[in-house]
């Protein structure tokens, strides 16, 4: 009997436990239409910290903010200047802040779609509805208001995507849907891509919901998260300037385009992660 227990513990099933939530704090984001969550997850001896917001698609307006000129000096600045409620960094970019992959901001195509193994998914907004598809499923840019192409896909059909890297640990940024009506985005410090997919499918990200699809955004030093929760802010800071951001506004708000108050030139460059 002791030998059987030892064999179980040494097997992959004994070594790798499911990710579970250790402790969690949920609080409404400013107007109560979004919920911000801060929590830790654990699998065996591994732990990670997650910040995210989740919301009904009808209650939030998702907007891509381009920063290819580097004038925006961080996520907090763009959210507060545009009346946003929460946000994250967006897709990949090169050392000149030029986007890598499709990028559309408020009906304007900033960069065209690219075919590359890494750029396997596209988040976009069409007819005021957010959608998350594989690049091979994408039918074209007509009528699309916002879009970020990135990757890899982390979750599809409620399961972790096969073949995700299980070696490199880094900060991660992600967007997910639990179906057409419930959405969220957030960051995790710090895990492999395989672990990120497993966390999203195994731990409870959104109460009473299961994540159906999730896409990886730019990570590493670009990873940043900001939410205006009640009387405080939840802020996990990344590099000063990235090429683009995704922000959420209350759906009743008119779009307030970002206007740079300082017109400061960019001092840092970045590269895809």
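Numbering (my numbering), first residue to last: 841 to 1113.
All residues carry an ideal CB built from backbone N, CA and C; glycine is no exception.
- 876 is the residue among 860, 859 and 876 whose C-alpha sits nearest the C-alpha of residue 1070.
- Taking C-beta separations shorter than 6 Å and ignoring five residues to either side along the sequence, the partners of residue 992 in its chain run 960 and 1056, following chain order.
- The region 862-936 contains, as complete beta strand (DSSP E) runs of 3+ residues, the segments 874-883, 886-896, 900-906 and 926-929 (chain order).
- With contacts defined by Cβ atoms closer than 8 Å, residue 1052 and residue 1026 do not form a contacting pair.
- Taking C-beta separations shorter than 8 Å and ignoring five residues to either side along the sequence, the partners of residue 1037 in its chain run 994, 995, 1000, 1001, 1004 and 1054, following chain order.
- Note: residue 950 is not bridge-paired with any residue in the DSSP secondary-structure output.
- For residue 1013, the uninterrupted beta strand (DSSP E) run begins and ends at 1010-1017, by DSSP.
- Looking at the DSSP output, residue 996 sits in a beta bridge with 999.
- Contact annotation, residue 987 with residue 1059: C-beta distance approximately 19 Å; criterion of less than 8 Å not satisfied.
- Spatial neighbours of residue 924 in its own chain (CB-CB distance under 6 Å, excluding positions within 5 residues in sequence) are listed in chain order as 1087 and 1089.
- Remark: C-beta atoms of residue 931 and residue 940 approach each other more closely than 8 Å.
- The beta carbon of residue 1008 sits closer than 7 Å to those of 1032, all from its chain and outside the five residues before and after it, given in chain order.
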